[in-house]
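Here is the structure we will look at.
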Amino acid sequence: MPIVFTSAGNPKTWTAQLKEHGITVVHVVSSVKFALKAQEAGVDAVVAEGFEAGGHNGRDETTTMCLIPMVKEQLSIPLIAAGGIGTGRGMLAAMNLGADGVQIGSRFVATPESSAHQNFKQVVVDAKEGDTLLTLKELTPVRLVKNEFFNKVEAAYQSGANADKLKEILGRGRAKKGMFEGDLVEGELEIGQISGLIHEIKPASEVVKEIITEYRQALAEQQTDKYKF
Ligand SMILES: Cc1cc2nc3c(=O)[nH]c(=O)nc-3n(C[C@H](O)[C@H](O)[C@H](O)COP(=O)(O)O)c2cc1C
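And the structure:
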C-alpha cells in the first residue's frame, strides 16, 4: 500500500492529489489545532510530534506526554505518536496515552542503515540528558546538539540578534554539513532528547526487534500487581 507522509506545511497542498492516486496520506503536526486542520484536509492519519523530537519542531513546546491525549480527545482518525520514543516502554507509554502507533526518528540515526555521517552517529551515542535544546524559534524551531554552532546562535541571542541576523548566522547547508558531512563544529546536529538513551549503533532490524520485545514485556508487566490500585 503506497503511503506518503507530509510535514512542515499546509496539509491541503498535496492531500487531495495524492488520494486521487490511491495513496494513503499521513500528515505530521505538533499541535491540536494543526491535527484538526489535517483531519479536515482529508488525511488518513496524523502524526502528533512532541517537543522532545529531533529535527524541526513546533513553537509551543508541547511535550508528547501532553500532546497525545489532547489530540486524542478531539481527533477521530488514527493517531501516531512521535517525539521521545526510542524504546518498547516508550512505545507502550504512547499507546497508553491514546496513540494507535508510533513514529521513531532519532533512534534510527544510530544504525548502519542511516545515511548520517559516522561522526554524527557517534555524537548521538555519546549524548546525555540535557545535551540538546530547541533553538532558532524565530526561523524554524529546531532541536540541536549543543555544539559550537549552537553556542554561536546562543551568543547571538545574548547580544539581541534579530531574525535577519539569525538567518545570516545559519546560512545555507548547515544541516548537511553537520549530519551528512560530519562537521561537528560548524554543522547543525539535529537529534531528539531520547539521544540520552541511545548507547549503541546497531542494525535497524535489531532496534525494531528490541523495541517489540520490550513493548511486549512491559505490556505483560502491566497485568501484574505493580499496576493495580
Ligand atoms: C536527523 C533528523 C532529521 C529529520 N528530518 C525530518 C524531515 O526532513 N522531515 C520530517 O517530517 N521529519 C523529520 N524528522 C523528524 C522525524 O520524522 C520524527 O518525527 C522525529 O524524529 C520523532 O521524534 P524522535 O526524534 O524523538 O524519535 C527528523 C528527525 C531527525 C532526528
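Going letter by letter, the sequence shown gives residues 941 to 1169 in this note's numbering. Ideal Cβ placement from N, Cα and C applies to all residues, glycine included.
Buried or exposed (CB count within 10 angstroms, at least 16 for buried), residue i
i: Ala1095; result: exposed
i: Asn1036; result: exposed
i: Glu1128; result: buried
i: Thr1164; result: exposed
i: Phe1090; result: buried
i: Asp1071; result: buried
i: Val1064; result: buried
i: Glu960; result: exposed
i: Asp1104; result: exposed
i: Pro951; result: buried
i: Lys1117; result: buried
Same chain, Cβ closer than 8 angstroms to residue i, five either side skipped, listed in chain order
i: Gly1045; result: Ala993, Gly994, Gly995, Ala1022, Gly1132
i: Ile963; result: Pro942, Ile943, Val944
i: Ile1017; result: Gln979, Val983, Asp984, Ala985, Val986
Cβ shell of residue i (< 7 angstroms), same chain only, five flanking positions each side left out
i: Thr1027; result: Leu1137, Ile1151, Glu1154
i: Glu1130; result: Gly994, Gly995, Val1082, Arg1083, Leu1084, Ala1115, Met1119
i: Arg1047; result: Gly1026, Ile1134, Ile1138, Val1147
i: Gly1113; result: none
i: Gln1162; result: none
i: Val972; result: Met1010, Val1011, Gln1014
i: Gly1038; result: Ile1008, Pro1009, Lys1012, Leu1019
i: Asn1087; result: Leu1124, Val1125, Leu1129
Run of the alpha helix (DSSP H) containing residue i, from where it starts to where it stops
i: Gly1028; result: 1028 to 1036
i: Glu1013; result: 1004 to 1014
i: Ile943; result: Run containing Ile943: none in the alpha helix (DSSP H); it sits in the beta strand (DSSP E), 943 to 946.
i: Thr955; result: 955 to 960
i: Glu980; result: 972 to 980
N- and C-terminal bounds of the beta strand (DSSP E) containing residue i
i: Gln1043; result: 1041 to 1043
i: Val968; result: 964 to 969
i: Val983; result: No beta strand (DSSP E) contains Val983, which DSSP labels as neither H nor E.
i: Ile1020; result: 1019 to 1022
Backbone CA spacing between residue i and residue j [nearest angstrom]
i: Thr1080; j: Cys1006; result: 22 angstroms
i: Ala1050; j: Ser1145; result: 12 angstroms
i: Ile1025; j: Gly1111; result: 31 angstroms
i: Gln979; j: Ala1158; result: 32 angstroms
i: Phe991; j: Asn997; result: 6 angstroms
i: Lys1092; j: Leu1106; result: 10 angstroms
i: Ile1109; j: Asp1066; result: 26 angstroms
i: Ser970; j: Met1010; result: 11 angstroms
i: Leu1076; j: Ser1135; result: 20 angstroms
i: Phe974; j: Asp1000; result: 12 angstroms
i: Glu1126; j: Ala1056; result: 16 angstroms
i: Ala1034; j: Glu1078; result: 29 angstroms
i: Phe1060; j: Leu1073; result: 16 angstroms
i: Ser947; j: His967; result: 6 angstroms
Sequence-distant residues of the same chain with beta carbon closer than 6 angstroms to residue i, five excluded per side
i: Thr955; result: Val965, Ala981, Gly982, Val983
i: Glu1053; result: Ala1144
i: Tyr1097; result: none
Exercise. Which runs of the beta strand (DSSP E) spanning at least 3 residues fall entirely within the stretch 1042 to 1079, listed in chain order?
Worked result: You should have 1072 to 1075.
Problem set entry | Every unbroken beta strand (DSSP E) inside the stretch 1080 to 1156 [3 residues or more] | Fully enclosed beta strand (DSSP E) runs of no fewer than 3 residues occupy 1082 to 1085 of the stretch 1080 to 1156, in order along the chain.
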